[in-house]
Every structure is written in C-alpha cells, then in structure tokens.
Amino acid sequence: MKITVQSIHFNADQKLLEFIQKKVDKLDQFFDQIISGEVYLKLENVDDEANKISEIKLIVPGVTMFAKEQCKSFEEATDLAIESLRKQITKHKDKTREKLSEHKAILNADEVSDY
2 MKITVQSIHF NADQKLLEFI QKKVDKLDQF FDQIISGEVY LKLENVDDEA
52 NKISEIKLIV PGVTMFAKEQ CKSFEEATDL AIESLRKQIT KHKDKTREKL
102 SEHKAILNAD EVSDY
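For the sequence shown, the tail end lands on 116 under this note's numbering, and the numbers increase by one without skipping.
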C-alpha cells in the first residue's frame with residue numbers, strides 16, 4: 002500500500018515517519034484491498050499540551066475512510082486514528098460480505114425457481 006505523509010508547520014523526523022508507515026501497514030492484515038493512504042500531521046498553536054493532530058485517509062474500492070485524532074504526541078494520535086480506521090475497515094468488510102451473501106442467495110433462489 003502506498004502511503005504519503007505530509008507534516009504541516011514542521012519537519013517530521015525519520016523515526017516518526019517509520020513509525021507511521023509500520024502502523025498503517027498493519028491495516029493490511031484486516032483488509033488487503035486498501036489502495037493508498039494519506040497521513041497529515043499538524044501542530045496547532047494552542048496553549049493545551051494536546052496540540053498534535055494526526056489525520057489519516059484511506060482509499061478503499063467504493064469508499065474513502067478518514068480518522069482524525071488530537072493528542073500530546075503524534076505517536077499516540079496515530080495509534081488512536083489507526084484503531085478508529087481498523088473499526089471502520091471491519092464494519093465495511095462485514096457490510097460487503099453481507100451484501101455478497103444476499104446476492105448469492107438471490108441468485109441461488111432464481112436458479113431453483115427456473116427448473
């Protein structure tokens with residue numbers, strides 16, 4: 002899966018980029034049809050410690066999935082966003098399987114009634 006990482010208002014170090022790549026690559030375990038992903042890392046100018054935002058967008062056939070988290074560190078925000086995307090992927094997969102099984106049931110019913 003092709004991942005692009007953009008850091009806005011700062012330069013991300015190689016260690017952070019490798020961490021993000023490793024975490025996003027784990028999503029392939031749940032759904033192997035992910036086409037690409039975009040990660041946006043932002044620093045907000047607020048007094049709060051939790052000023053680091055991680056936004057992840059995944060392109061999957063038929064749908065685009067998005068998660069945004071704000072935490073004290075980019076690693077924590079990325080972990081939470083990945084967990085949210087994992088839930089979205091699981092839900093999408095279940096819906097796809099359900100539609101497929103309904104479609105097969107309709108086809109089988111049509112074949113039986115033709116005889």
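We put the CB at the ideal spot given by N, CA and C, even for glycine.
The C-alpha of Lys27 lies about 23 Å from the C-alpha of Lys73. Contact annotation: Val40 and Ile54 have beta-carbon atoms that are not nearer than 8 Å. If you draw a straight line from the Cα of Pro62 to the Cα of Lys3, it comes to about 14 Å. Here DSSP, grouped into helix, strand and coil, assigns Ile107 to helix.
Rounded to the nearest angstrom, the Cβ distance from Leu42 to Ser8 is 4 Å, consistent with a contact under 8 Å. Annotation: Glu45 to Asn109 spans about 56 Å, alpha carbon to alpha carbon. Arg87 is the residue among Ala78, Arg87 and Asn52 whose C-alpha sits nearest the C-alpha of Phe31.
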